[in-house]
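Visitor: Counting with this note's numbering, you get residues 43 to 248 for the letters of the sequence shown.
We put the CB at the ideal spot given by N, CA and C, even for glycine.
Bear in mind that the values here come from a model prediction, so they are computed numbers and not experimental data.
I have a structure here, written as structure tokens, and I will follow up with some questions on it.
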Amino acid sequence: MPEQLKAEEVNSKTDPSVAKQFDTETDKKTQVQDFYNIVDKLKIGLLTTLRKDVGPVSRSMATSRRDGPDFLYLSNCHSKKFSDLENSKQVQITFQDSSSQNWVSITGNATKVSNTSGLVKELYQPAVSAWFGDLGDGVHKGNAEDPRMAVIKIEPTYIVYWMKTVTSLGYMKEVAQAAITGQVSQTGVRREFSKADIEAMRTYTQ
43 MPEQLKAEEV NSKTDPSVAK QFDTETDKKT QVQDFYNIVD KLKIGLLTTL RKDVGPVSRS
103 MATSRRDGPD FLYLSNCHSK KFSDLENSKQ VQITFQDSSS QNWVSITGNA TKVSNTSGLV
163 KELYQPAVSA WFGDLGDGVH KGNAEDPRMA VIKIEPTYIV YWMKTVTSLG YMKEVAQAAI
223 TGQVSQTGVR REFSKADIEA MRTYTQ
């Protein structure tokens, strides 16, 4: 239900939408499982790197695999994202579900894993070759042995997400009521994971 805006929320320079929807009641394991459910359903998000003399640069990427809180992406090592990572290891991953309005923002550090590690073979799927092509030289074939194949592993340092907790009809009613009455709508929960939370996530059943 919408909540009335309080004077102290304004005086403290608080964003009431964030404060009123911040989840302090749900246990962490449930929060983690909800997070996994969101990102595993979406699969494709935006990976943002920092480019020298440009700033943040984003591109759509399909998650090859999620290992607990860590994300693995199979990619072409000739792409500019790898030179971006030489400039800065800090990256961001964002997911948005247009049907539910659920969203996720992940800040972390990225490392490149070459195709000599065996990880490329684990992640490779035949459809991936469509994005690489076959040069016909017996080397650059777009398969798991192609030297262009590399993996970007992202280890999060901070995660924040928002999850809708009302039906689509309830969402519209909540927003309409809040707009009419001057209250603040509460249509979902906002949750955050600190670096310590993320380390603990590695011990949870996934």
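Once the 5 residues before and after D239 are set aside, which same chain residues still bring their CB inside 7 Å of it?
Guide: For D239, where only same-chain residues beyond five positions count, the Cβ hits under 7 Å are K70.
Visitor: Residues bridged to N118 by DSSP?
Guide: N118 is bridged to M191.
Visitor: Report the CB separation of K163 from T199 in whole angstroms; it is logged as a contact under 8 Å.
Guide: In fact, because the Cβ distance is near 29 Å, the residues do not count as touching under 8 Å.
Visitor: Where do the N-terminal and C-terminal ends of the alpha helix (DSSP H) with T72 fall, by residue?
Guide: Its alpha helix (DSSP H) spans residues K70 to L84.
Visitor: Using the Cα positions of I148 and V202, report the straight-line distance between them to the nearest angstrom.
Guide: In a straight line, the C-alpha of I148 is about 7 Å away from that of V202.
Visitor: What would DSSP say about S147, mapped onto helix, strand or coil?
Guide: It is a strand residue.
Visitor: Determine the direct distance from the alpha carbon of K183 to that of L177, and round the result to whole angstroms.
Guide: Taking the straight line from one Cα to the other gives about 6 Å.
Visitor: Bridge partners for G178 per DSSP, in chain order?
Guide: G178 pairs with nothing; no bridge assigned.
Visitor: Looking only at its chain, what residues have a beta carbon closer than 7 Å to the beta carbon of M205, apart from the 5 residues adjacent to it on each side?
Guide: Closer than 7 Å at Cβ, skipping near neighbours: D76, I80, N144, G230 and V231.
Visitor: Which stretch, first to last residue, makes up the beta strand (DSSP E) that contains E234?
Guide: G230 to F235 is the span of the beta strand (DSSP E), which, as asked, contains E234.
Visitor: Which of helix, strand or coil does DSSP assign to V226?
Guide: With a pLDDT of 47 at V226, under the threshold of 50, the predicted position of this residue should be treated as unreliable, though the coordinate-derived value follows. Strand, per DSSP.
Visitor: Going by DSSP, what residue range makes up the alpha helix (DSSP H) through V162?
Guide: From DSSP, the alpha helix (DSSP H) with V162 extends over L161 to L165.
Visitor: Taking the beta carbon of T105 as the centre, do at least 16 other beta carbons fall within 10 Å, making it buried, or is it exposed?
Guide: Buried, since its Cβ has 16 or more Cβ neighbours within 10 Å.
Visitor: Provide the residue span of the beta strand (DSSP E) that contains T136, from first to last.
Guide: Per DSSP, T136 belongs to the beta strand (DSSP E) from Q132 to Q138.
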